[in-house]
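Be aware that the sequence shown starts at 63, since it is given in my numbering, and climbs by one per residue. The beta carbon of each residue, even a glycine, is placed where N, CA and C say it ideally should be. Notes for the one structure printed next.
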Amino acid sequence: MDELGRAAEVLARAPSVALACHVNPDPDALGSMLGLAAFLHARLGTTVVCSWGNQPLAPPAWIEPLVDARWIVEAKAFPRTPEVMVCLDTASSDRLGDLSAQLARAGEVIVIDHHKTNPGFGSILVLDPAASSTAELVVRLVERMGGELTDEAAALLYAGIVTDTGRFQYEATTPETLRVAALLRARSFDHARLAQALFEQSSVGYLRLLGVALGRIQLDPAANLVWTYLTQTDLSSSGVDITETDDLIDVVRTASGADVSCVLKQQRDGRFKVSLRSRGATDVGAIALANGGGGHRLAAGYTSETGLEDSVNAIVQALTA
Ligand SMILES: [Mn+2]
Numbered sequence: 063m064d065e066l067g068r069a070a071e072v073l074a075r076a077p078s079v080a081l082a083c084h085v086n087p088d089p090d091a092l093g094s095m096l097g098l099a100a101f102l103h104a105r106l107g108t109t110v111v112c113s114w115g116n117q118p119l120a121p122p123a124w125i126e127p128l129v130d131a132r133w134i135v136e137a138k139a140f141p142r143t144p145e146v147m148v149c150l151d152t153a154s155s156d157r158l159g160d161l162s163a164q165l166a167r168a169g170e171v172i173v174i175d176h177h178k179t180n181p182g183f184g185s186i187l188v189l190d191p192a193a194s195s196t197a198e199l200v201v202r203l204v205e206r207m208g209g210e211l212t213d214e215a216a217a218l219l220y221a222g223i224v225t226d227t228g229r230f231q232y233e234a235t236t237p238e239t240l241r242v243a244a245l246l247r248a249r250s251f252d253h254a255r256l257a258q259a260l261f262e263q264s265s266v267g268y269l270r271l272l273g274v275a276l277g278r279i280q281l282d283p284a285a286n287l288v289w290t291y292l293t294q295t296d297l298s299s300s301g302v303d304i305t306e307t308d309d310l311i312d313v314v315r316t317a318s319g320a321d322v323s324c325v326l327k328q329q330r331d332g333r334f335k336v337s338l339r340s341r342g343a344t345d346v347g348a349i350a351l352a353n354g355g356g357g358h359r360l361a362a363g364y365t366s367e368t369g370l371e372d373s374v375n376a377i378v379q380a381l382t383a
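This is the structure:
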């Protein structure tokens, strides 16, 4: 049997399922995890528990109307020895953060992911790098299992697809992606409000900080690179949390003057979180992988141990090699 079929079979039999996604979850991680949880709970009465390896957890506002708050627990309350554990949108086991220790103790570990750089882990691996999003894979799984999605589950999965495809714009958007999205949109949820909650939630402080980041943008034509950065001082003086700056890279990537765009953001521990995007000509996933990170061919990232200058130099070197 194929891996999707095995996953469907295990989930159909499990009275309780523990679901996890990667640390600092994006809407695809959260949407695929919570969407699957919502489906299992509604369809089979499965006891579901969901978490990710950040402590404390800070669930984003957009999920609030869509989930039962009791499903989400802190990592320390996650089952120590789950019979069935599902890891969603998690490109490698260390991306589970505090939850990675549970892998060795879990009975069955189902990994559902679409990251090309995923080395493969778990006992059942549903990995399709051609899929637009992990949420798209969850819909395939749901179709295999059979049964209806609730409106909330559909909204959660739709959120994963609409964000990971850049609102159906990126290369990975296939006819299958649109079929799946249409299937979800057929359920009754307010997609316009959901999109607003996902894409139009900037604080004025963030917009000012965006101005700072865009003001210091650098173009390196030889490396075909456009880049900028934010420091902890920038963040603290503007009162903006780093999680609010996720779409900075989406503004920088619109620059037509370079194929590769990069944003370096200093974290609390001083290290720089590096986000890379390519307009199509460069495999930035390879650069991220070489630096201990991962992702996709055109969108990837890693955490840099070196300072800002050395981090940028290393990227320039990789691009001009
Ligand atoms: Mn994803």
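> Hey, how far is the Cα of residue 271 from the Cα of residue 356?
Replying inline: Those two C-alpha atoms are separated by around 27 angstroms.
> Thinking C-beta only, is residue 177 closer than 8 angstroms to residue 192?
Replying inline: At least 8 angstroms separates the beta-carbon of residue 192 from that of residue 177.
> Using 8 angstroms as the threshold, is the stretch 171 to 185 in touch with the stretch 141 to 151, meaning 3 or more CB pairs across them?
Replying inline: Verdict: yes, contact present.
>> So for residue 364, helix, strand or coil by DSSP?
In response: Residue 364 sits in a strand when the DSSP states are folded into three classes.
>> Short of 6 angstroms in beta carbon distance, which residues of its chain neighbour residue 280, apart from the five on each side in sequence? Order them along the chain.
In response: The residues 289, in chain order, have a CB closer than 6 angstroms to that of residue 280 in the same chain once the five nearest residues on each side in sequence are set aside.
> Does at least one heavy atom of ligand 1 sit under 7 angstroms from the Cβ of residue 196?
Replying inline: Distance from the C-beta of residue 196 to the nearest heavy atom of ligand 1 is below 7 angstroms.
> What did DSSP end up calling residue 241 once you bin it into helix, strand or coil?
Replying inline: Reduced to three states, the DSSP call for residue 241 is helix.
> What distance in whole Å lies between the Cβ atoms of residue 167 and residue 132, which are believed to be in contact at a cut-off of 8 angstroms?
Replying inline: Contact between residue 132 and residue 167 is ruled out by a C-beta separation of about 23 angstroms, above the 8 angstroms threshold.
> Alpha carbon to alpha carbon, how far is residue 37 from residue 211?
Replying inline: No answer is possible for residue 37: it lies beyond the span of the chain, which begins at 63 and ends at 383.
>> Please report the distance separating the alpha-carbon of residue 353 from that of residue 334.
In response: Rounded to whole angstroms, residue 353 to residue 334 spans 12 angstroms at the Cα level.
> Between the beta-carbon of residue 119 and the beta-carbon of residue 145, is there less than 8 angstroms?
Replying inline: Taking 8 angstroms as the cut-off, the Cβ atoms of residue 119 and residue 145 do not count as close.
>> Please report the distance separating the alpha-carbon of residue 320 from that of residue 283.
In response: The straight-line gap from Cα to Cα measures roughly 7 angstroms.
>> Please tell me whether, using a cut-off of 7 angstroms, the distance from the CB of residue 253 to the nearest non-hydrogen atom of ligand 1 is below it.
In response: No; taking the cut-off as 7 angstroms, the Cβ of residue 253 has no heavy atom of ligand 1 nearer than that.
>> I'd like to know whether the C-beta atoms of residue 70 and residue 206 end up nearer to each other than 8 angstroms.
In response: Going by C-beta atoms, residue 70 is nearer than 8 angstroms to residue 206.
> Per DSSP, residue 326 is paired with what?
Replying inline: For residue 326, the pairing in a beta bridge is given by DSSP as 291 and 336.
>> With a threshold of 8 angstroms between beta carbons, is residue 237 in contact with chain C?
In response: You won't find chain C in this structure, because it holds only one protein chain.
> To the nearest angstrom, how far is it from the Cα of residue 85 to the Cα of residue 382?
Replying inline: C-alpha separation (whole angstroms): 32 angstroms.
> What are the boundary residues of the beta strand (DSSP E) that residue 146 is part of?
Replying inline: Run containing residue 146: 146 to 150, per the beta strand (DSSP E) assignment.
>> Assuming residue 373 and residue 336 are in contact, meaning their beta carbons sit under 8 angstroms apart, how far apart are those beta carbons, in whole angstroms?
In response: Separation of the CB atoms of residue 373 and residue 336 is rounded to 6 angstroms, and the pair is thereby assigned contact status at 8 angstroms.
> How many Å lie between residue 302 and residue 72 at the Cα?
Replying inline: In a straight line, the C-alpha of residue 302 is about 43 angstroms away from that of residue 72.
> Taking DSSP as the reference, what is the three-state secondary structure of residue 378?
Replying inline: Helix.
> Which same chain residues, not among the five before or five after residue 90, have their C-beta less than 7 angstroms away from its C-beta?
Replying inline: If the five residues before and after residue 90 are omitted, its C-beta is found closer than 7 angstroms to the C-beta atoms of 151, 195, 196, 197, 222, 225 and 226, all from its own chain and listed in chain order.
> What residue does the beta strand (DSSP E) around residue 37 start on, and which one ends it?
Replying inline: The chain is shown only over 63 to 383; residue 37 falls outside these bounds and no answer can be derived.
>> On the CB-based measure, 16 or more other CB atoms within 10 Å of its CB, does residue 138 come out buried or exposed?
In response: Exposed, because fewer than 16 other Cβ atoms sit within 10 Å of the Cβ of residue 138.
> Per DSSP, residue 172 is paired with what?
Replying inline: Its beta-bridge partners are 148 and 186.
> Where do the N-terminal and C-terminal ends of the alpha helix (DSSP H) with residue 94 fall, by residue?
Replying inline: If you look at residue 94, you'll find it in the alpha helix (DSSP H) that goes 89 to 106.
> From residue 209 to residue 188, what does the alpha carbon distance come to, in whole angstroms?
Replying inline: Distance between the alpha carbons of residue 209 and residue 188: 20 angstroms.
>> Using a Cβ-Cβ cutoff of less than 7 angstroms, which residues in the same chain neighbour residue 328 once the five nearest sequence positions on both sides are dropped?
In response: Within the same chain, residue 328 has close Cβ partners 292, 293, 294 and 334.
>> Output needed for residue 276: all residues of its chain with C-beta closer than 8 angstroms, excluding positions within five of it in sequence on either side, in chain order.
In response: Excluding sequence neighbours, residue 276 sits near 290, 313 and 314.
> Cβ of residue 360 within 8 angstroms of Cβ of residue 350?
Replying inline: No, they are not a contact pair.
> What is the residue span of the beta strand (DSSP E) that residue 110 lies within?
Replying inline: Residues 109 to 114.
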